Structure formats: C-alpha cells, structure tokens
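Enquirer: Below is one structure. I have some questions about it.
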Amino acid sequence: MSIDVATSIARILKQEGVEWVSTFPVCRVNNALGREGVPMIMMRDDRYAVALADAYSRVTGGDRIGVCTVQGGVNGAGLQYSFPGLAQAFEDNSPMLCITDGIPAGSTENTMFDVTTALKTITKWFGYVDRPERTPEFLRRAFSMLRSGRPGPVVLAIPNAAGVYDETADPYFPVRGYKSAPDPSDVARAIDLMMDAANPLIYAGEGVIYAGASEELVGLAELLNAPVITTLKAKGTFPENHPLFVGVRGEHPIAYLNKSDVILTVGSSLSPGRFTHGIPNAAGKTIIQCNLDDLHLNRIFPTHHAVLGDARFTLRALADEVSRRTDGAGRAAGNVVAEVRETRDAGLAEYREAMASSDTPINPYRVFGDMMKVLDPYNSFVTHDSGNTRDQLSTVYDTLIPRGFLGWGNISTLGFGLAGAMAAKLAYPERQAVAVTGDAGMGYMLGNLEVPVRQQLGITVAHVANGGFAGYGPGFWGDGHDPYTHQVMGPEDVNMSRAVAELGLYTERVTEPSDVVPALERAMAANGTGQPAYLEFICSQYPRYGGFAPSSIAH
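Numbering-wise (this note's numbering), the sequence shown opens with residue 2 and increments by one.
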C-alpha cells in the first residue's frame, strides 16, 4: 500500500508513543501530523519548540521522548533559529527528536549556511532521509539512538515529505532501548578501593536519573556509609533530606571534595564547566568513574579505575558486592552522619538566615524559603533560569524526588525555565510546576507566555524582579563583573504583573515578605483550574550563592 513520507512519519510517531509534537510553522510534516490526529503545541518561536521537546525528555528521564518540528530546507530560517536550543540539548545530553525539512537534491550550495555540517556538531545523529522508502529505517535508527547509549538530540531532515513508497515492503515496528551490565571484576576492584578509603565520597550525576537508579544510589550510599554530593543536573536524584546528603554547591560540598581520598562518580562526566565542581588535588585522590561508556574516562582528571555500564545495573552490582563482603551489614558508619549534618548546617547558615528575612525589598531567599513551605516536595516540580535564579535556588532548595527540580547550565539559553515548567505539567499534570526567573529570563519568556494560557497548563512563573541583571552589576562585595551592562527598566518603571495579566495569566505583584506565602497559595489555586500564573516579587539585588570547587581548566 502506498503512503507518503509525512503521513508515514506521523503514524510511526504514534506507534512510538509520542503524545504530542511541539512546533513553530512551517514544516512540511505538520499537515500530516494534523490529519493523523497527533496534537501539536505551537510555540511562538522555533527555539521554544525545541526547548519544550528537550525539557519533556529531561523531566521524564528519557522514558518519554520529546519531539518537535521546525522549518528547514533551503530557506531554513527556523532551523537556524533552533540552533541554540539544539546546542543546549546536545551539551546537556538530552534525548529529543527534531524533525525538519531537508534540502532537496540539486538545491545544495544555495546558501552560506551548511546545514549538515552545522547540525552534526550539535547532535548525536543527523539523519537525511534521501529516499522515501528509507523512512522506516531512519525512524527506527533515530529511536534506537534516542533510547540506547549516551543520550543526545537527533535531527531528521526530510527533503521530500510528499514522496511515496510501499509501506508493506518494510512495515514499521517500535524499537526498544538496550543496556549493558558492568564487568564483575571491575565492580570488585571499585569496592576494594571504596572499602579501603579513609574518606570515601559518592558524586552522582544525571546519568543516575536517566537510568532510573535513584533507589539504587541510596542503597549503595547507605551500605558504604558514604557522603553524597550531586551535580546541578542531578539535583534530586538523592533525597536531600537524607542524613548522608551533603549538597550540590557551596562550601559544604567543597569541603567534602577537599577531604575525600576516594571519589566514586556515577553518571557524571566530571567535566569542570562553570556549573560543576572541579576536583581539588585530583592527582592526590583516587577517582573511580562509573559511566555508560568510555567517552569521559581520563578527561581533565585522571581516572584510576572505571566501571562501564548502565548506572542502575552498576549501582546494584556495587551494592551486592558490599553486601556480600559484609554479610549485609555494610561499611562501619563512624561519625559520618553527624559530620555531614554539622558541615551542611554551617554551609547553609547564611542562606537560612536570608530565607527568614523580613527586609523590603524582599530578599530573594525569602521567596525560595516560602516556596518550600507551600509546594508539596513529593508532588511538585521547580526549575530556574540562567543567572542568579539558578545559582541561588540550587544552593538552598531542598529536593526530595528525582526530577522534582530541573537543574541546567553549560550552554544556557535564557527563558528555558518556562519550557521546563510546561513540559513538567504535560508529563505530570498532577504536579505543581514553578519556573523561577529573573529580569533577563523574563524578557526571553514574554513572547511565549500566551502558550500555557492557550494550552491550559497550570504552571506558575515566579519572577524575582529587582531592576537589574544582578549577577553582573554591583553587589555588596564590590562593583560586579559587568558594572556597565546590568541596568534595565525595573519595577518602578514597568508593572509587569499588569502587562502579563492581559495575556490571561493570573497575576500578582508582591512587595511584602509576609505576602509571599499567600500569593503562592493563590497562584497554586489558579493553576488547579488550568490557569497559569505569574507572580512578580519585588526583590532586592542579593547576588550571594554557593560556589563550585574551582578547577584550573575551565572555571
């Protein structure tokens, strides 16, 4: 039976369990998606179409794949505008699928922008469907890439969406992901090193989330009685009320990185970017890397031992080995829990004081502390934006479930927090979903704020409004690193809550610390009816937050 490529793609996406596709017109696959009953969420620009699909894959830990379509072809303005979104997905290892129009045969060299070369630098795989009958093959390969191995974005270019082929010649069937278990001898050696350590430390990365291995991580930490820190992107993979949890950033995790003699990393590249820790005195420590593959071994820091395999299988194998050697009793506890509590309390003391502040303008930490009072830690989702909101929020916000918090950094596109909250609400409708943003992020979000209204997505945008890009300009420590380029129109110039209300969001402007909790509760009530909310908190510029252990390489 003959079928055109676009219709085939639409039906294949349905077979693969894709529930909706984010888009910004025009892509030649879109009409077929509509005819086949695939819901499309139309964003207000191409980067946000990518961002929503990216965020959906992240918040579901890759269990559900986010898919977007954008304009491509010879006049590929949409694809060019999508580039920063795809770059962020690639840098953060997000397994999302972007479908675009391919440049037809005979039409290459018409533009200065070399699509294929450019996209190969920011994707796990770029596929060009050069013949209609290869459509099932390319879709199978795309979903295999998305579900197996190291995560990353995939782009499929469709040069002839109207092309026809016989679908009975190669009937499509959904693909599954494949995982590998570690070598038992590597597991045994890793436990030798951890059991002999004077000050072992577990450093968990986002690979634990994609493996669905949070419970296994807790089990291993408890058997080893080892303190745990996590990367920003893995925040929440280890419950942050657990007595072995040290932190994500700040002086307390830095102290444990300094004093550790053996570090067991799981699901982390250990790449010391601006938003991850370096390893102090790495040459004087024993580093064990438990990764999916060999890409990041001996990268920047020396890898003394490695255990390669899926994080869940690896953590189970490590825990079984500890249990076998200790008859289930685990490693002697010593004073680990008390020391963790003391170090953590000391590292958070100044921020806990700020969270109780009654100052006006409102201290941003008061907003974050009150969010923790209002939101259900077991049934909520919080994310941030680039800049101070990321740095402050991730310093103090206690996260008790995997993907209760979406941390991100590296190639950071401002405004991504809105896509994160929308994706969380689409994935988990019963969860409260809040995106915290600042003045810079708010500027990026404005064009897309009508989308959650149109889609009836009950999310809240919490805007820390302080009239400036506070991380760049003067702070109480001095002039700031960009004292000439930080001032923007502030709340005394523009009533943003009044402007946003015209789009149909529930809005409030909050000026008193005592009103933070009631405002959040009213926003949650509006969200419960499907109405998104925007809260404009008039805050001080308070650029204080926990840092990362420095590295001579990239910080």
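Cβ coordinates follow ideal geometry from the N, Cα and C atoms, glycine included.
As the structure is a prediction and not an experimental result, all values here were calculated from the model.
Quick check: what's the CA-CA separation for Trp-21 versus Val-68?
Expert: Each residue's Cα considered, the two are about 8 Å apart.
Enquirer: Leu-293: which of Met-2, Ile-210, Thr-344 and Ala-339 sits nearest, CA to CA?
Expert: Minimum Cα distance to Leu-293 is reached at Ile-210.
Enquirer: Cβ atoms of Ala-463 and Leu-536: under 8 Å apart, would you say?
Expert: Yes, they are a contact pair.
Enquirer: Please report the straight-line C-alpha distance between Asn-226 and Thr-384, rounded to a whole angstrom.
Expert: Whole-angstrom Cα-Cα distance: 30 Å.
Enquirer: Here's the rule I'm using: 16 or more other beta-carbon atoms within 10 Å means buried, otherwise exposed. How should Ala-342 be labelled?
Expert: Note that residue 342 is Arg in the sequence shown here, rather than Ala. Exposed, because fewer than 16 other Cβ atoms sit within 10 Å of the Cβ of Arg-342.
Enquirer: Buried or exposed for Gln-542, please, with buried defined as at least 16 other CB atoms from any protein chain shown within 10 angstroms of its CB.
Expert: Its Cβ being crowded by 16 or more others within 10 Å, Gln-542 is buried.
Enquirer: At what residues does the beta strand (DSSP E) containing Tyr-204 begin and finish?
Expert: Counting along the chain, the beta strand (DSSP E) containing Tyr-204 begins and ends at 201 to 205.
Enquirer: Closest to Glu-92 by CA distance: which of Thr-400, Gly-107 and Arg-59 is it?
Expert: For Glu-92, the nearest C-alpha among the options comes from Arg-59.
Enquirer: By a C-beta neighbour count over all protein chains shown, 10 Å radius and 16 as the cutoff for buried, is Met-113 buried or exposed?
Expert: Label assigned to Met-113: exposed.
Enquirer: Might you give, ordered along the chain, the residues of its own chain that have their beta carbon closer than 6 Å to the beta carbon of Glu-110, omitting 5 neighbours on each side?
Expert: Excluding positions up to five away in sequence, the list is empty.
Enquirer: Rounded to whole angstroms, what's the CA-CA distance from Tyr-546 to Thr-438? Just pull it up for me.
Expert: In a straight line, the C-alpha of Tyr-546 is about 15 Å away from that of Thr-438.
Enquirer: Which runs of the alpha helix (DSSP H) at least 4 residues long sit entirely within the segment 62 to 119? Give them in chain order.
Expert: List check, alpha helix (DSSP H) in window: 78 to 92.
Enquirer: Could you tell me if Gly-448 is buried or exposed, where buried requires 16 or more neighbouring beta carbons within 10 angstroms of its beta carbon?
Expert: Classification of Gly-448: exposed, given that the 10 Å Cβ count is below 16.
Enquirer: With 16 as the cutoff for other CB atoms within 10 Å, does Lys-374 come out buried or exposed?
Expert: Burial call: exposed.
Enquirer: What would DSSP say about Ile-4, mapped onto helix, strand or coil?
Expert: Strand at Ile-4.
Enquirer: Based on DSSP bridge pairs, tell me the residues matched to His-464.
Expert: For His-464, which the question treats as bridged, DSSP gives the partners Thr-438 and Glu-537.
Enquirer: If the criterion is Cβ atoms closer than 8 Å, does the pair Ile-402 and Tyr-379 meet it?
Expert: Result yes, Cβ atoms of Ile-402 and Tyr-379 sit closer than 8 Å.
Enquirer: When you compare only the Cα positions, how much space is there between Asp-557 and His-306?
Expert: In the structure displayed, the chain extends from 2 to 556; residue 557 sits before or after that span and is not available.
Enquirer: Measure from the alpha carbon of Lys-236 to the alpha carbon of each residue in Val-263, Asn-259 and Gly-268, then state which is nearest.
Expert: The shortest C-alpha separation from Lys-236 is found at Gly-268.
Enquirer: Can you list, in chain order, the residues of its chain whose CB lies under 7 Å from that of Gln-615, leaving out five sequence neighbours each side?
Expert: Outside the shown range of the chain (2 to 556) lies residue 615, about which nothing can therefore be said.
Enquirer: Could you tell me the alpha carbon to alpha carbon distance between Asn-76 and Asn-282, rounded to whole angstroms?
Expert: Their backbone Cα atoms lie some 51 Å apart in a straight line.
Enquirer: Using DSSP with H/G/I as helix, E/B as strand and the rest coil, what is Ala-198?
Expert: Coil at Ala-198, not helix or strand.
Enquirer: What does the alpha-carbon distance come out to for the pair Pro-514 and Val-465?
Expert: Those two C-alpha atoms are separated by around 13 Å.
Enquirer: Tell me which residues share the same chain as Ile-13 and place their Cβ nearer than 8 Å to its Cβ, disregarding the 5 neighbours each side in the sequence.
Expert: Here the set comprises Thr-136, Pro-137, Leu-140 and Tyr-173.
Enquirer: Should Arg-313 and Ala-422 be called a contact, given that it needs their Cβ atoms to be closer than 8 Å?
Expert: Taking 8 Å as the Cβ cut-off, Arg-313 and Ala-422 do not qualify as a contacting pair.
Enquirer: Would a C-beta distance cut-off of 8 Å place Gln-81 and Ser-413 closer than the cut-off?
Expert: Not in contact: Gln-81 and Ser-413 (Cβ atoms no closer than 8 Å).
Enquirer: Indicate whether Ala-7 and Val-30 have their beta-carbon atoms separated by less than 8 Å.
Expert: Their beta carbons are under 8 Å apart, which means Ala-7 touches Val-30 by this criterion.
Enquirer: Near Ala-318, what residues of its chain come up, given a Cβ to Cβ distance below 6 Å and the 5 sequence neighbours on each side ignored?
Expert: So the qualifying residues of the chain are Pro-183 and Val-188.
Enquirer: Starting from the Cα of Gly-468, find the closest Cα among Tyr-445, Thr-486, Asp-440 and Ile-301 and give me that residue.
Expert: Nearest of Tyr-445, Thr-486, Asp-440 and Ile-301 to Gly-468, Cα basis: Asp-440.
Enquirer: With a floor of 4 residues, list each alpha helix (DSSP H) that falls wholly inside the segment 250 to 323, ordered by position along the chain.
Expert: If we require 4 residues or more, the alpha helix (DSSP H) runs fully inside the segment 250 to 323 come out as 252 to 260.
Enquirer: Suppose contacts are defined by Cβ-Cβ distances below 8 Å. Is Leu-221 in contact with Leu-316 by that definition?
Expert: Against a cut-off of 8 Å, the Cβ pair of Leu-316 and Leu-221 comes out as a contact.
Enquirer: Restricting to Cα atoms, I'd like to know which of Thr-70, Val-156, Val-130 and Met-97 is closest to Lys-121.
Expert: Taking only the C-alpha atoms, the option nearest Lys-121 is Val-156.
Enquirer: Out of Lys-260, Pro-240 and Ala-162, which one is the CA nearest neighbour of Ala-198?
Expert: Ranking the options by Cα distance to Ala-198, first place goes to Lys-260.
Enquirer: State the Cα-Cα distance for the pair Trp-478 and Leu-349, rounded to the nearest angstrom.
Expert: Its pLDDT being 47, under 50, Trp-478 is placed unreliably in this model, and the coordinates cannot settle the point.
Enquirer: Does DSSP classify Glu-509 as helix, strand or coil?
Expert: Correct three-state label for Glu-509: strand.
Enquirer: Identify the continuous beta strand (DSSP E) that holds Asp-167 and give its terminal residues.
Expert: Unbroken beta strand (DSSP E) run through Asp-167: 165 to 167.
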